Amino acid sequence: MPLAQLITPQQLAERLDAPGLVILDCRFALEDVDYGQRSYAQGHIAGAHFADLERDLSGPVVKGRTGRHPLPDPHRLVERLREWGLDDDSQVVLYDDGPGAYAARAWWLLAWLGKRSAVFILDGGLKAWHAAHLPLSLDPPPRREGTFSGEPDMKLLVDAEHLAKRLGDPALTLIDARGLPRFRGEVEPIDPVAGHIPGAQCAAFTDNLGADGRFLPAVQLKQRFAEKLGDRSPEQLVAYCGSGVTACHNLFALALAGYPLGRLYAGSWSEWINEPQHPVATGD
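Okay, here's the thing in structure tokens:
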């Protein structure tokens, strides 16, 4: 079964009563951290549990040491997933408002914990659900304790020390999911230092999507990332972004295109700049 899978609103609507289905509402807004919980309370896909980026899908921030969204403690996350009813063989559907960045973070965390089959992202997110004129629910999801037995696969991660040693390695493909102005260091609305990790290529996660907000066809995604990889092995690819969230969108898109799962520098730019000795580049 493919590692990265999409589901349409119509397909999900037909499966809502399927046994073993777990739906996670991953809506979030960086500028309004309570937006997701508030929006969920105002209406969500029937049966969905709310998965908060900062409370559930990230760990505590340590100022001056971590990035803005460090990985959660894996054992605590496994417990949370069980609270949402997840079993090892569950079908899982993840959604956010539409671009898929927060849903992709949840997808990557599940893959990190070993759940790599029957996990879908709702293509187009809640925007596409609304466009299909499908209803929302105010009812709380059913409570059921799951039996998920996940364990973290640390081979999917690269830390800052390892990455710093690899800078300049001709085999390394390093892609940055932030938009081009932030990559170039022309603007920086969130972090105290502008620019990018030397040697990185800009691969804005929004370019994985078409004008309709849905993922591009696999053949187009393959072409997009083939240009980034050149003649280098996809197994040597490392993805990062501002805080380890939108990088997961690129990793999902790569998997959709048929590439193996690349590695994530989870601390990303907001962690990288905590160390003054780390080099910083600007421009292209």
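With UniProt numbering, the residue at position 220 of the sequence shown is 220, and numbering never jumps.
Using N, Cα and C, we set each Cβ at its ideal position, and we do this for glycine too.
None of the values given here were measured: they were computed from a predicted structure.
Within the region 164 to 200, the runs of alpha helix (DSSP H) that reach at least 4 residues and sit entirely inside it are, in chain order, 180 to 184.
Secondary structure remark: continuous alpha helix (DSSP H) runs of at least 4 residues inside the region 89 to 117, in chain order: 101 to 112.
Residues of the same chain with a CB within less than 7 Å of the CB of ALA13, apart from the 5 flanking positions on each side, are LEU134 in chain order. Remark: C-beta atoms of ALA200 and ASP176 approach each other more closely than 9 Å. In this structure, the CA atom of ALA203 is about 15 Å from the CA atom of PRO234. In this structure GLY195 is buried. Its beta-carbon is surrounded by 16 or more other beta-carbon atoms within 10 angstroms.
If you look at PHE120, you'll find it in the beta strand (DSSP E) that goes 119 to 122. Taking a 10 Å sphere around the C-beta of ASP32, we find fewer than 16 other C-beta atoms and assign the residue as exposed. By the Cβ neighbour-count rule, ASP34 is exposed, with fewer than 16 other Cβ atoms within 10 Å of its own. Your pair VAL158 and GLY85 does not check out as a contact, with CB atoms roughly 32 Å apart and the cut at 8 Å. Counting other Cβ atoms within 10 Å of its Cβ, ASP73 stays below 16 and is therefore classed as exposed. Non-local C-beta neighbours of ASP56 in its own chain, meaning closer than 6 Å and more than five positions away in sequence, comprise ARG80, ordered along the chain. Between ALA4 and ALA253, the CB-CB gap stays under 9 Å. Going by DSSP, TYR240 is part of the beta strand (DSSP E) stretching over 237 to 240. Excluding sequence positions up to five before and after ASP191, its CB lies within less than 7 Å of the CB of GLY242, TRP269, SER270, ILE273, all in the same chain and listed in chain order. By the C-beta criterion, the region 47 to 62 is judged not to be in contact with the region 171 to 190, since fewer than 3 inter-stretch pairs fall below 8 Å. Distance from the CA atom of LEU136 to the CA atom of LEU209, rounded to whole angstroms, is 24 Å. Around the beta carbon of LEU71, 16 or more other beta carbons sit within 10 angstroms, so the residue counts as buried. Look at PHE28 here: in three-state DSSP terms it is coil, with no helix or strand label.
Scanning its chain for C-beta atoms nearer than 6 Å, with the 5 sequence neighbours on each side dropped, one finds around LEU172 the residues ARG166, GLN236, in chain order. In the structure shown, LEU134 adopts coil according to DSSP, grouped into three states.
TYR265 is not a Cβ neighbour of LEU138, given a cutoff of 9 Å. A Cβ-Cβ distance of about 32 Å is found for the pair ALA160 and GLU83, leaving them out of contact under the 8 Å criterion.
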